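Okay, so the sequence shown: first residue is 52 according to my numbering, each after it adds one. Encoded as structure tokens, the structure appears first; notes follow it.
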Amino acid sequence: MSTRGEESGRDRLPLRMPDLHEAFLAPQGTRERIGLEVEAGVLDETTGLAAPYAGPHGMAALLHQVLREWGGSPQWAGDVLTGVHLPDGTKLTLEHGGQLEYSSPPADDLVTLVTAMRVAMEDLAALAQQHGLAIVPGGNLPFNRVDTATWVPTARGGVMRTYFAGLGPQGEGAPHIMRLSTSTQTTLDHLSEDDLASKLRVQVAASPVVAALLVNSPLYAGRLDGVLSHRCRDWLRMDPGRVGSPGPALRTPLTARALTDWALSMPMIYRHGPGGYRLAGPQTFADHLRDGFDDGTAPHWEDWLSHLDQIYTTVRVRRTLETRAPDGPPYPYIPAVPALWTGLTYHAPSRAAAWELLRHYTPEESNAAQQALPTAGLATRLGGDGVRDLARQLLGLARAGLRARIRSGLEQPEALAFLEPLDEILDTDETFAEQTARRWRTTYRHDPARYIAAHRIPPAT
Numbered sequence: 052m053s054t055r056g057e058e059s060g061r062d063r064l065p066l067r068m069p070d071l072h073e074a075f076l077a078p079q080g081t082r083e084r085i086g087l088e089v090e091a092g093v094l095d096e097t098t099g100l101a102a103p104y105a106g107p108h109g110m111a112a113l114l115h116q117v118l119r120e121w122g123g124s125p126q127w128a129g130d131v132l133t134g135v136h137l138p139d140g141t142k143l144t145l146e147h148g149g150q151l152e153y154s155s156p157p158a159d160d161l162v163t164l165v166t167a168m169r170v171a172m173e174d175l176a177a178l179a180q181q182h183g184l185a186i187v188p189g190g191n192l193p194f195n196r197v198d199t200a201t202w203v204p205t206a207r208g209g210v211m212r213t214y215f216a217g218l219g220p221q222g223e224g225a226p227h228i229m230r231l232s233t234s235t236q237t238t239l240d241h242l243s244e245d246d247l248a249s250k251l252r253v254q255v256a257a258s259p260v261v262a263a264l265l266v267n268s269p270l271y272a273g274r275l276d277g278v279l280s281h282r283c284r285d286w287l288r289m290d291p292g293r294v295g296s297p298g299p300a301l302r303t304p305l306t307a308r309a310l311t312d313w314a315l316s317m318p319m320i321y322r323h324g325p326g327g328y329r330l331a332g333p334q335t336f337a338d339h340l341r342d343g344f345d346d347g348t349a350p351h352w353e354d355w356l357s358h359l360d361q362i363y364t365t366v367r368v369r370r371t372l373e374t375r376a377p378d379g380p381p382y383p384y385i386p387a388v389p390a391l392w393t394g395l396t397y398h399a400p401s402r403a404a405a406w407e408l409l410r411h412y413t414p415e416e417s418n419a420a421q422q423a424l425p426t427a428g429l430a431t432r433l434g435g436d437g438v439r440d441l442a443r444q445l446l447g448l449a450r451a452g453l454r455a456r457i458r459s460g461l462e463q464p465e466a467l468a469f470l471e472p473l474d475e476i477l478d479t480d481e482t483f484a485e486q487t488a489r490r491w492r493t494t495y496r497h498d499p500a501r502y503i504a505a506h507r508i509p510p511a512t
């Protein structure tokens, strides 16, 4: 699993068109490992409102405490502390609205991955509790309105807000995504250009099914309005040209050059230079490559990598594959997400069978399912077929993939249990969102404190 740091030696080299596709090719020696990102709200234990960035019990104070007690190196955006890189490779960073993101070091197997995540998140929950805060994963901040969550005061965030505001109605979901959304993402490796094509097409084709299965953001500002995934709904209103499915993913042939041409055709939002962050659009990256930026400079390798980071598709394609479609589950069930994607992706027969199951659905049908799933959940239709039945078949293929990896010594037997919460959803026909909505009306009695007590990460003792 490669990192951006490997590119530091060529960051400022001029770009040549034939070189661009290298950003999509795995470095020599890559092996199949698993990465996990868990985004969570850091919420007041009583009100459920998100912690502000500043103040004695804000997110900056929590990060400073991590640095004092755990060590590591700070991540700064100018003079704004935005994260901590821990000695073991773990990264703790802030999203634009102060949501906390845990990023794992790459692991060779699921049990190792999940164990490390639980230790880190529960230790962090213990620090947060000292500030009267609870760490709550899921699909969004459930008790804030978009105008009540605070911004992390970075220059990049301000430039992005300006860009999305300029899109009018097509960008109106951006403040919700930047300020309120959370998710659980899995990063997986590809080993060659053919392997990239094989894995990416399955992940993209499966994404609306997985997202419908895992809807989990039914509350907005403490209210239910019939939406099962506010997060997925808001993504539909965040610059449609750079979200949804990667354009070439379901085409044949799928090559690094096709991905390069697709990314070149998109406008660049921002670039970072000696004067800080500034808007780069509305020109496409191909325009910048041909004409240079408006300050007279030419794009460099780091500009290209930054541009790829500004594409927010359901699978983010670089030298790794980052699956981004579903909401984050409740904390006990987070392992289901990497287990599902690993079983489908890293076992060639399961991957081939999944593609045979999904290959006949058109990009238009996939997009229609993405439009429907925020309110329909498991009742979503993909083409003429029900997502519920497709999810059950994909779950069976993922389980077969994990069993094969266990037989090969690549996974520990305990990994199979990670998929069981998804069986329960399909057996009961009740998604995490619908469970939460039911409990909000009954067990929690519309009380944020009860919600927090049930959904928080348990602090380490």
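A virtual CB, placed ideally from N, CA and C, is assigned to each residue, including glycine. Source: prediction; values computed, not measured.
Measuring C-alpha to C-alpha distances from P259 to each of L461, L441, I457 and I476 identifies L441 as the nearest. For A427, the enclosing alpha helix (DSSP H) covers residues P414 to A427. In the three-state scheme derived from DSSP, where H, G and I count as helix and E and B as strand, Q126 is classed as strand. A direct Cα-to-Cα measurement between T133 and R119 gives close to 15 Å.
Between the beta-carbon of V388 and that of L251 there is about 18 Å, and that puts the pair past the 8 Å contact cut.
If you draw a straight line from the Cα of A111 to the Cα of Q181, it comes to about 14 Å. Residue pairing by DSSP places L433 opposite D436 in a beta bridge. By the CB criterion at 8 Å, G324 and A206 fall outside the cutoff. Between L87 and L94, the gap from beta carbon to beta carbon reaches 8 Å or more. By the beta-carbon neighbour count (other beta carbons within 10 angstroms, threshold 16), D245 is exposed. About 5 Å separates the beta carbons of V253 and W406, which is inside the 8 Å limit, making them a contact pair. Around the C-beta of G140, fewer than 16 other C-beta atoms lie within 10 Å, and the residue is accordingly described as exposed. For the set R196, T413 and R456, the Cα lying nearest the Cα of P299 is the one of T413.
The alpha helix (DSSP H) runs of length 4 or more contained entirely in the region 223–290 are, from start to end of the chain, 225–231, 244–264 and 281–286. In this structure, G277 lies away from W202, with their beta-carbon atoms at least 8 Å apart.
Scanning the region 364–403 for uninterrupted beta strand (DSSP E) segments of 3 residues or longer gives 366–368 and 371–374, listed from N- to C-terminal end.
Judged by pairs of C-beta atoms under 8 Å, the region 305–317 does not touch the region 442–451, as fewer than three such pairs exist.
Remark: C-beta atoms of L192 and G327 do not approach each other more closely than 8 Å. Spanning the alpha carbons of L395 and A272 requires a straight line of approximately 36 Å. Between A216 and G222 the beta-carbon gap is near 6 Å, inside 8 Å, which marks them as a contact.
Here the alpha carbons of R274 and R492 stand approximately 10 Å from one another. When secondary structure is reduced to three states using DSSP, G80 falls in the coil class, being assigned neither helix nor strand. DSSP, read as helix, strand or coil, puts E173 in helix. By the CB criterion at 8 Å, I508 and A171 fall outside the cutoff. In the DSSP assignment, E88 falls within the beta strand (DSSP E) that extends over I85 to D95. Looking at the DSSP output, P65 sits in a beta bridge with H351. No residue range can be given for Y104, since it is assigned to no beta strand (DSSP E) and is classified by DSSP as neither H nor E. When DSSP assignments are scanned along the region 296–361, the uninterrupted stretches of alpha helix (DSSP H) that are 4 or more residues long and fall wholly within it turn out to be 307–315, 336–342 and 352–360.
For P125 and L137, the gap between their C-alpha atoms comes out near 9 Å. By the C-beta criterion, the region 482–500 is judged not to be in contact with the region 150–159, since fewer than 3 inter-stretch pairs fall below 8 Å. Note on M211: 16 or more other CB atoms within 10 angstroms of its CB, so buried under the neighbour-count rule. Spatial neighbours of Y214 in its own chain (CB-CB distance under 8 Å, excluding positions within 5 residues in sequence) are listed in chain order as G222, I320, Y321, L330 and G332.
Here P386 is buried. Its C-beta has 16 or more other C-beta atoms within 10 Å. Beta-bridge partners of P188 (DSSP): A91.
In the DSSP assignment, the residues bridged to E152 are E90 and T144. For the pair L76 and V261, the Cα-to-Cα distance works out to about 26 Å.
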